[in-house]
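First comes the structure, then the notes that go with it.
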Amino acid sequence: MNKLLLIALLLLKINELMSQHTIPLFTKVPNAKSDHSVVERSQIGEDGILRISDVVVPSMDVYFPAEGKANGTAVIICPGGGYTILAAGHEGADVAKAFAAVGVTAFVLKYRLPDSRLQLVPKVAPLQDSQRALQLVRERASEFKINPTKLGIMGFSAGGHLASSAGTLFNKPVIEQATAESVRPDFMILIYPVISSNASIVHAGSFERLLGRQASKDKWLEFSSEVNVTSKTPPTFLVHASDDAGVSSMNSIVFYEALLRNNVPAELHIYQKGGHGFGLKNSITQDAWFDRLLNWMKANNWLKPNY
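Each residue of the sequence shown is one higher than the one before, starting from 635 at the first, in the working numbering.
Structure (structure tokens):
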């Protein structure tokens, strides 16, 4: 191999290693049981999807833009997985790298999945982690070289439910020393999100996993994000596919309608085809939803026009 090419590849690898590091969310994880028999698992399936389960210690992987490229905007990414696993590759790291390439500092959230073996109150654990992530990034904004008023949250599928919960339940902090201001995202990005408990469109598996199979429909309604939208809900960008057989596109539609009713700025893109779980690239169409997202971010001054 050409020596110059080898050096270039080594420098690229070094830069990649330097651009990402992991930080824990808590010094002491709240709402936790001590079950040392449970060990976090991470594996790549035959379908190429990275799946993380049994998260005991929540954390964030940070992806920094190249030196001099950061524009001050940051996004916390919540991978999907039905509140059973975290699809942390195509709905996490891949997206974070795309953000870093355009100057946005990205944080992939490894949040706890509801589990009675590991948490005293399982339904609260994911929201605790997302709120702490927002709080922590703002606390360390100068270190991360980001603007604490330009911090968004993003979620895919059940991660979209978590992100939308963060954007609609911020006035009910579930972590210590939090205020509504410290845990409210400035904008939301929801990709084929689980939203509603309405029986005609609900993704029952996510709600059952989060709240337990015995939870009442009234309890489901408390976590139905469209009913929690107010005029204080952050501006939102949504993407879905009409033929999504996993999570009905009506989830995005009812959330979009709730945003409009409350005069919250919103943009919705629904593709004719694409199914569920396509991540960064919907291969069924030549259109790139991430490009549409960047245009929306530019229009709202979260991204520099030259990107």
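The C-beta atom is built at its ideal place from N, Cα and C for all residues, glycine as well.
Delimiting residues of the beta strand (DSSP E) encompassing V742
Here residue 742 corresponds to residue number 108 of the sequence shown, with the count starting at 1. It spans T739 to K744 - the beta strand (DSSP E) in which V742 sits, taken as one unbroken run.
Quick one: measure Cβ to Cβ for I809 and Q769, integer angstroms, because I've assumed they're closer than 8 angstroms.
Translated into positions along the sequence shown, residue 809 becomes position 175. Translated into positions along the sequence shown, residue 769 becomes position 135. Contact flag correct, Cβ pair sits at about 7 angstroms.
Cα separation between S750 and I835?
For this step, residue 750 is matched to residue 116 along the sequence shown. For this step, residue 835 is matched to residue 201 along the sequence shown. One C-alpha to the other measures close to 27 angstroms.
Tell me, please, which residues DSSP counts as bridged to D790.
For this step, residue 790 is matched to residue 156 along the sequence shown. It is worth fixing the name first, because residue 790 is Phe in this sequence and not Asp. Per DSSP, I825.
With H, G and I counted as helix, E and B as strand and the rest as coil, what does DSSP make of T656?
If you number the sequence shown from 1, residue 656 lands on position 22. Correct three-state label for T656: strand.
So the beta strand (DSSP E) E701 belongs to, where does it begin and stop?
Here residue 701 refers to the residue found at position 67 of the sequence shown. That residue, E701, is in no beta strand (DSSP E); it is neither H nor E in DSSP.
Any contact between the segment 677 to 688 and the segment 765 to 784? By contact I mean 3 or more CB pairs, one from each, below 8 angstroms.
no
Under the assumption that E901 contacts F871 (Cβ atoms under 8 angstroms), give the Cβ distance between them as a whole number of angstroms.
Sequence index remark: in the sequence shown, residue 901 carries index 267 (1-based). Sequence index remark: in the sequence shown, residue 871 carries index 237 (1-based). That pair is a contact at about 5 angstroms.
Please check the pair R818 and P868, which I expect to be a contact at CB under 8 angstroms, by giving their CB distance rounded to whole angstroms.
The residue you call residue 818 lines up with position 184 of the sequence shown. The residue you call residue 868 lines up with position 234 of the sequence shown. Confirmed, Cβ separation roughly 7 angstroms.
Just how far apart, CA to CA, sit V888 and L785?
Here residue 888 refers to the residue found at position 254 when the sequence shown is read from its first residue. Here residue 785 refers to the residue found at position 151 when the sequence shown is read from its first residue. Rounded to whole angstroms, V888 to L785 spans 24 angstroms at the Cα level.
T739 versus I683 - alpha carbon distance
Residue mapping note: residue 739 aligns to position 105 of the sequence shown, counting from 1. Residue mapping note: residue 683 aligns to position 49 of the sequence shown, counting from 1. Computed Cα separation, rounded: 23 angstroms.
Sequence-distant residues of its chain with Cβ nearer than 7 angstroms to T783 (five each side left out):
Taking the sequence shown and counting its residues from 1, the one referred to as residue 783 is at position 149. For T783, where only same-chain residues beyond five positions count, the Cβ hits under 7 angstroms are D820.
List the DSSP bridge partners of E901.
Here residue 901 corresponds to residue number 267 of the sequence shown, with the count starting at 1. DSSP output for E901 lists F871 as bridge partner(s).
Between the CA atoms of D669 and W936 - distance to the nearest angstrom:
Mapped onto the sequence shown, residue 936 falls at position 302. Mapped onto the sequence shown, residue 669 falls at position 35. Cα-Cα distance, rounded: 42 angstroms.
Can you give the Cα-Cα distance for E777 and S816, rounded to whole angstroms?
For the purposes of this step, residue 777 is identified with residue 143 of the sequence shown, where counting begins at 1. For the purposes of this step, residue 816 is identified with residue 182 of the sequence shown, where counting begins at 1. In a straight line, the C-alpha of E777 is about 17 angstroms away from that of S816.
Quick one: what's got a C-beta closer than 8 angstroms to S831's C-beta in the same chain, skipping five residues either side?
Here residue 831 refers to the residue found at position 197 of the sequence shown. Closer than 8 angstroms at the Cβ level, and outside the excluded window around S831, lie F841, K851, W854, L855, F857 and S858.
Nearest candidate by alpha-carbon position, reference H874, set L844, N916 and L845
Your numbering for residue 874 matches position 240 in the sequence shown. Checking every option, the nearest Cα to that of H874 belongs to N916.
Check the DSSP bridge columns for S859 and list the partner residues they point to.
Translated into the one-based positions of the sequence shown, residue 859 becomes position 225. Paired residues: none, contrary to the question.
Three-way DSSP call (helix, strand, coil) for V709 in this model
Taking the sequence shown and counting its residues from 1, the one referred to as residue 709 is at position 75. Correct three-state label for V709: strand.
From V691 to G909, what distance separates their C-alpha atoms?
Here residue 691 corresponds to residue number 57 of the sequence shown, with the count starting at 1. Here residue 909 corresponds to residue number 275 of the sequence shown, with the count starting at 1. Between V691 and G909, the C-alpha separation is close to 32 angstroms.
Simplified DSSP state of I887, which is helix, strand or coil:
Taking the sequence shown and counting its residues from 1, the one referred to as residue 887 is at position 253. I887: helix per DSSP, three-state reduction.
Looking only at its own chain, which residues have a Cβ that is under 7 angstroms from the Cβ of V861, when we skip the five neighbours before and after it?
The sequence position of residue 861 within the sequence shown is 227, counting from 1. Here the set comprises L855.
Starting from R774 and walking both ways along the alpha helix (DSSP H), at which residues does that stretch end?
Position 140 of the sequence shown holds residue 774. Where R774 is concerned, there is no enclosing alpha helix (DSSP H), given that its DSSP letter is neither H nor E.
Go ahead and label V755 buried or exposed: buried means 16 or more other beta carbons lie within 10 angstroms of its beta carbon, across all protein chains shown.
The residue you call residue 755 lines up with position 121 of the sequence shown. Exposed is the call here.
Just grab the DSSP bridge partners of A685 for me.
Here residue 685 corresponds to residue number 51 of the sequence shown, with the count starting at 1. Rather than Ala, the amino acid found at residue 685 in this sequence is Arg. Looking at the DSSP assignment, R685 forms a beta bridge with Q677.
Let's see if you can read the secondary structure: which residues bound the alpha helix (DSSP H) around N929?
Locating residue 929 in the sequence shown gives position 295, where the first residue counts as 1. Counting along the chain, the alpha helix (DSSP H) containing N929 begins and ends at W923 to A933.
Going by beta carbon distance, what residues of the same chain come within less than 6 angstroms of P699, once the five residues before and after it are set aside?
Here residue 699 refers to the residue found at position 65 of the sequence shown. Excluding positions up to five away in sequence, the list reads A734 and G737.
Would you kindly work out how many angstroms separate the C-alpha atoms of K757 and G714, rounded to a whole number?
For the purposes of this step, residue 757 is identified with residue 123 of the sequence shown, where counting begins at 1. For the purposes of this step, residue 714 is identified with residue 80 of the sequence shown, where counting begins at 1. Rounded to the nearest angstrom, the two C-alpha atoms are 16 angstroms apart.
For E650, which of helix, strand or coil comes out of DSSP?
Taking the first residue of the sequence shown as 1, we reach residue 650 at position 16. Residue placement at E650 is flagged as unreliable, the pLDDT there being 47, under the threshold of 50; a coordinate-derived value is accordingly withheld.
If A797 and M788 are in contact, beta carbons under 8 angstroms, what's the gap, nearest whole angstrom?
Residue mapping note: residue 797 aligns to position 163 of the sequence shown, counting from 1. Residue mapping note: residue 788 aligns to position 154 of the sequence shown, counting from 1. Correct: roughly 6 angstroms between the Cβ atoms.
Local conformation of Q765 per DSSP, three classes:
Position 131 of the sequence shown, counted from the first residue, corresponds to residue 765. In this structure, Q765 counts as helix in the three-state DSSP scheme.
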